[in-house]
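Everything below concerns the one structure shown next.
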Amino acid sequence: MKEYQSTVLLFYFCQVVAKKIIITIDGWSSCGKSTLAKQLAKELGYLYVDSGAMYRAITLYFLRNNIDLAEKKEVKEALKSISLEFVFNPKSSSSEIYLNDENVEYVIRDMVVAEKVSDVAAIKEVREFAVAQQQLMGKKKGIVMDGRDIGTVVFPKAELKIFMTADNAIRVQRRFKELYEKNPNVTIEEVKDNLEMRDYIDSHREVSPLRKAKDAIELDNTNLTEKEQFSKALILARDKIAQLK
Ligand code: DC
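The structure is reproduced here in structure tokens:
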């Protein structure tokens, strides 16, 4: 009898410990979504997935292979040759994206890719290809994914949805700083134009436009430090996890 009771107790203990949620972080370009998502994933021991990296890697493949975006058949064929994988790199303490076994985590951040990625991400077939893989990654929950349609399309039933915003000028400054470190030839005007163009295309496209999900919590980080924004989000996450018990 005692043995039976402890087995039952152990079973319930494991259930409680194993309770995990899905956290989605959507928002405008350069709002700090990935910084927050990485911090949350690390703290909670969850998987972090940068969905934008998938669209960027697909764009890189299309650019390298001169795929004509207007040709549906060509796009569909090209997608068949693309394999995407996230591999955790202990050095950067983060998962990095591989395109057909090549680590492209850094090259996909180039301006050449940034200039085309919104057009590629607006293609229905590309979205179907990426969304199917994203949903598989979330099957076991315990995931933090950032992007534009994660709370609305990829995981509409996610337990915690965060929608991030920040003033345009701040976002441009942050992005410029990031790019300038890698390429001092980049100009602030170039960065501003690219950001505005991407925001426009991302929020006006026909398929899965950027929207705040009805049940998403807005987090404006214009006047927040990284630490403050992380504390706020962590409280929200812990609340949601506690509600499951
Ligand atoms: O988050 P990011 O800037 O790396 O995203 C690159 C592009 O991919 C961005 O212009 C919008 C698009 N994207 C998308 O359409 N849906 C997502 N879930 C993630 C990114």
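In terms of the numbering used here, the sequence shown opens at residue 206 and continues consecutively. Quick reminder that beta carbons are idealized off the backbone N, C-alpha and C, glycines included.
Based on the DSSP output, what are the partners of Asp354 in its beta bridges?
-> Answer is none; Asp354 lacks a bridge partner.
Which residues mark the beginning and the end of the beta strand (DSSP E) in which Ser299 is found?
-> Ser299 to Leu304
Would you call Gln339 buried or exposed, if buried means 16 or more other Cβ atoms sit within 10 Å of its Cβ?
-> buried
So Val331 and Ser413 are in contact, right, with Cβ under 8 angstroms, and what is the actual spacing, rounded?
-> Here Val331 is actually not in contact with Ser413; their C-beta atoms are around 11 angstroms apart, not less than 8 angstroms.
Taking 7 angstroms as the cut-off, is the CB of Arg353 close to at least one heavy atom of the ligand DC?
-> yes
Determine which residues share a DSSP beta bridge with Asn203 and list them.
-> Residue 203 falls outside the range modelled here, since the chain spans only 206 to 450, and no answer is possible.
So, using beta-carbon positions, are Thr229 and Ile422 closer together than 8 angstroms?
-> No, they are not a contact pair.
Report the partner residues of Ile263 according to the DSSP bridge assignment.
-> Bridge partners of Ile263: none, in fact.
Spatially closest choice to Asp255 from Val292, Lys278, Phe435 and Glu431, by CA coordinates | Val292
Is Thr430 helix, strand or coil when you go by DSSP?
-> coil
Below 8 angstroms CB to CB, which residues in the same chain sit around Ser299 once its five sequence neighbours on both sides are set aside?
-> Lys243, Tyr253 and Phe293
Please classify Gln434: is it buried, with 16 or more other beta-carbons within 10 angstroms of its beta-carbon, or exposed?
-> Residue environment: Gln434 is assigned as buried (16 or more neighbouring CB atoms within 10 Å of its CB, all protein chains considered).
For Lys366, which beta-bridge partners are listed by DSSP?
-> The secondary-structure analysis by DSSP pairs Lys366 across a beta bridge with Thr229.
Beta-carbon contacts of Arg261 that lie in its chain and below 6 angstroms, excluding the five residues immediately before and after | Ile313, Val318 and Val322
Buried or exposed for Lys238, please, with buried defined as at least 16 other CB atoms from any protein chain shown within 10 angstroms of its CB.
-> buried
Return yes when at least one heavy atom of the ligand DC lies under 7 angstroms from the C-beta of Val322, else no.
-> yes
Beta carbon of Tyr260: closer than 7 angstroms to some heavy atom of the ligand DC?
-> yes
Count the other CB atoms, across all protein chains shown, that sit within 10 Å of the CB of Tyr311; report buried if there are 16 or more and exposed otherwise.
-> exposed
Opposing strand residues paired with Leu424 [DSSP bridges] = Beta bridge pairing from DSSP links Leu424 with Met369.
CB contact below 8 angstroms: Ala374 versus chain C | Protein chain content of the structure displayed is limited to a single chain, and chain C is not contained in it.
What does a CB cutoff of less than 8 angstroms around Phe267 pick up in its chain, not counting 5 residues either side in sequence?
-> Leu274, Val280, Ala283, Lys321 and Val325
Tell me the DSSP bridge mates of Val349?
-> Ile228 and Tyr253
Quick one, are the C-beta atoms of Ser288 and Asn308 less than 8 angstroms apart?
-> no
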